[in-house]
Amino acid sequence: MAASRFIADTYGVFIEGRWVEPDNGRYDDISPSTEAVIAAAPDSSPAQVESAIAAARAAFDSGPWPGAAPEERARCLSQLGDALLEHGDELFALAQAEWGCTANERLIQVDGSGFMVKHAADLAAQPVEERIDAYGAAGTTLLRYEPLGVVSILTPWNFPHMLNARKVSTALAAGNTVVLKPSPLTPLAGLALARLIDEETDIPPGVVNVVTPSSIEASRVLTIDPRVDMVTFTGSSAV
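Under my numbering, the first residue of the sequence shown is numbered 678, with each subsequent residue one higher.
Here's what the structure looks like:
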């Protein structure tokens with residue numbers, strides 16, 4: 678197995694473009710293939726989840742992302758897609774260690790994620806308005822696409838990297854801001870994505886926030902907080 682800089686004990690939680698030490702300490706991230714502890718993941722408190730939501734809310738209400746030109750959002754997402762493809766070997770090493778990804782699944786689970794983000798970049802570049810035929814309407818009828826707001830994203834342990842990348846990138850393509858919560862079984866998958874966004878893209882602070890709580894209580898905040906406009910959730914009811 679190749680070495681990966683994405684397997685690390687030094688992650689904080691990613692809030693408003695900053696890496697913050699977890700309030701609740703750390704928990705073991707265990708490889709399903711070897712049952713060895715591969716990292717100590719940051720355990721976000723409910724208060725830190727609320728801070729992440731506040732950061733996403735402020736970035737949407739007052740930040741540049743929702744009003745950015747389509748080509749600017751596309752450019753930033755292209756940066757992320759390129760970074761995912763460039764670091765494919767390291768991300769595959771993470772996939773092997775953290776969720777037992779096999780070589781024959783690399784294309785869809787790892788490399789495919791980069792192509793999905795590149796596709797989201799293409800979607801972001803599409804015009805936000807189009808003329809439509811409205812029977813009986815006088816004048817010109819326009820269909821206008823607008824961002825919804827803050828999106829909370831909860832993803833499972835299976836196909837975590839692909840689902841993280843796809844859900845985050847499509848929400849961003851539409852001009853939304855996000856809080857991503859990966860499964861506590863695969864926290865590094867979400868933190869690795871945050872690291873690439875932080876280091877290799879021009880996506881503004883607060884647009885993407887990543888929290889990795891181990892508790893259901895902290896996770897529940899993402900589904901009930903009134904500052905969240907949409908929840909996209911894949912997983913079991915316990916998540």
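Positions of the beta carbon are idealized from the N, C-alpha and C atoms, including for glycine.
Whose C-beta lies closer than 7 Å to the C-beta of A685 among residues of the same chain, with five residues either side of it excluded? A716
Start and end residues, beta strand (DSSP E) containing V855: 854-858
On the three-state DSSP scale, how would you describe E918? Residue 918 cannot be examined here, being either before or after the span of the chain that is shown, 678 to 916.
Assess, as a yes-or-no matter, whether the region 794-803 is touched by the region 823-841 under the definition of 3 or more beta carbon pairs within less than 8 Å. no
In three-state DSSP terms, what is S721? coil
What do you reckon, are the CB atoms on F683 and A871 nearer than 8 Å? The beta carbons of F683 and A871 sit no closer together than 8 Å.
Taking all protein chains shown into account, decide if S681 is buried (16 or more other Cβ within 10 angstroms of its Cβ) or exposed. buried
In chain order, what residues of the same chain lie with their CB nearer than 7 Å to the CB of P723, ignoring the 5 residues before and after it? E894, A895, V898
Other residues of its chain near I707: CB distance less than 6 Å, five sequence neighbours each side excluded: V714
Using alpha carbons as the reference points, say which of I874, F836, I730, L820 lies closest to S846. I874
The region 854-868 / the region 724-742 touching (three or more Cβ pairs under 8 Å): They touch, by the three-pair rule.
Spatial neighbours of Q803 within its chain, please: CB distance less than 7 Å, with the 5 preceding and 5 following residues excluded, ordered by chain position. P747
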